[in-house]
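One rule links them: number in my numbering = place in the sequence shown (from 1) + 2.
Taking it in order: structure first as structure tokens, then the write-up.
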Amino acid sequence: MRAFILFLLLMPVAIADTVITGADGVPFAAQPTDVLTFTVTPSFFGQPSPAVARTLIRITREGVTIPIDTCTYDQGYTCTAREVLTDRTEDLQYTIETLSADQEVIATETVFVSIDTLGPAITEFLAAPQLSNEENFTLIISAQDYASQTGNTQECGGISRIEVQDNERRLTSVRTAGDCTIEEVIPITLRYAGTHTICAEVYDSFDQSTSECIEVVYDNVPPRIANFGFVDNEGNFYSHVTSTGTRLSPAIRLTDDAPIDTVSADLSAISEVLDDIR
């Protein structure tokens with residue numbers, strides 16, 4: 003009877019949790035060359051010694067057993083193992099088994115680790131508004147992250163942050179939740195008027211990144227007249243004409259940070275037919 007009770011006390015009943023991380027600490031995702039850490043928290047009847055608990059957990063991949071390095075107890079058991087990866091290109095499947103005292107399989111868990119070979123992709127990047135006479139703009143950024151197959155957002159390392167720059171000057175950095183698909187609304191404030199090249203760089207949890215740039219115009223000053231005069235049919239400027247007269251057209255050259263919408267002029271002092279030019 004005592005032997006039967008001892009067997010029950012040592013028999014594991016379930017695996018409470020299994021987490022596999024690479025050197026970057028991303029759960030269930032790794033790079034092609036990486037070091038995986040396995041953290042298994044099994045449940046047992048009673049409280050077997052850590053040395054015994056170590057023999058009751060088995061981790062295998064493709065038929066090869068990965069040795070359990072340590073098991074410790076602190077209000078529960080934590081068993082760890084490590085595996086070195088070199089130039090892996092395909093996702094990995096692991097089997098975690100709990101064993102009885104006589105090494106019979108009690109429970110089995112299958113865990114997958116994605117090999118992340120791809121960086122994220124920006125699917126949408128725009129500013130609202132794109133042209134304004136005020137310094138405040140809103141950026142809308144959508145992005146996706148993939149592991150080894152473009153378009154598959156079910157497996158990824160996760161998008162970790164977005165860096166935003168204005169003409170190579172850092173504007174802001176936004177931490178994200180680490181999801182495979184994100185949409186972020188980011189307010190920015192521009193310091194000076196003009197055309198700005200705003201670039202967003204999106205990083206995944208392995209620091210792989212992609213970037214995209216757009217232009218926004220902060221225009222808080224009116225257009226400037228750069229040149230004004232009269233030109234002939236070939237575009238030559240005239241400062242005076244002969245007494246016989248020359249056919250000329252008024253020419254006004256304007257500059258502005260934003261596209262010029264309309265231009266009007268009153269040149270009736272030269273001729274009554276030039277009182278309203280648009």
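Heads up, the beta-carbon is just placed ideally off N, CA and C, and yes, glycines get one too.
Please read these numbers as outputs of a predicted model, since none were measured by experiment.
| Selection from P225, A253 and Y220 that minimises the alpha carbon distance to D234 | Measuring from the Cα of D234, the nearest candidate turns out to be A253.
| Span of the beta strand (DSSP E) around A145 | That run of the beta strand (DSSP E) goes N138 to Q146.
| field | Bounding residues of the beta strand (DSSP E) (the contiguous stretch that carries A55) | value | Note, A55: premise wrong, no beta strand (DSSP E); alpha helix (DSSP H) at P52 to A55.
| request: Given a cut-off of 8 Å, decide if V86 and I98 are closer than it, judged by their beta-carbon atoms. | output: With a cutoff of 8 Å on beta-carbon distance, I98 and V86 are scored as not near each other.
| said: I'd like the list of long-range same chain contacts for A129, defined as Cβ closer than 8 Å, with 5 residues on each side in sequence excluded. | reply: Excluding sequence positions up to five before and after A129, its CB lies within less than 8 Å of the CB of F139, T140, L141, I142, I200, I216 and V218, all in the same chain and listed in chain order.
| task | Pair every Cβ in the stretch 195–213 with every Cβ in the stretch 101–115, then say whether three or more of these pairs are closer than 8 Å. | result | Judged by Cβ distances under 8 Å, the stretch 195–213 makes no contact with the stretch 101–115, as fewer than three pairs qualify.
| message | Taking the straight line between their C-alpha atoms, what separation do you get for R193 and E137? | response | Taking the straight line from one Cα to the other gives about 7 Å.
| said: Report the CB separation of E214 from I124 in whole angstroms; it is logged as a contact under 8 Å. | reply: In this structure, E214 and I124 form a Cβ contact; the two beta carbons are roughly 5 Å apart against a cut-off of 8 Å.
| said: Taking its Cβ as the centre, do 16 or more other Cβ atoms sit within 10 Å of L10, making it buried, or is it exposed? | reply: With a pLDDT of 41 at L10, under the threshold of 50, the predicted position of this residue should be treated as unreliable, though the coordinate-derived value follows. With fewer than 16 Cβ atoms within 10 Å of its Cβ, L10 is classed as exposed.
| said: Tell me the DSSP secondary structure of D58 in three-state form. | reply: One point to set straight first is that residue 58 is Leu, not Asp, in the sequence displayed. In this structure, L58 counts as helix in the three-state DSSP scheme.
| message | For a test of the three-state rule: what should DSSP assign to S150, helix, strand or coil? | response | Here S150 carries a coil assignment [DSSP, helix/strand/coil].
| field | Bridge partner(s) assigned by DSSP for Y96 | value | Looking at the DSSP assignment, Y96 forms a beta bridge with V113.
| query | Just how far apart, CA to CA, sit R56 and S45? | reply | Distance from the CA atom of R56 to the CA atom of S45, rounded to whole angstroms, is 12 Å.
| query | In the structure shown, what three-state DSSP assignment does R177 receive? | reply | Three-state DSSP puts R177 in a strand.
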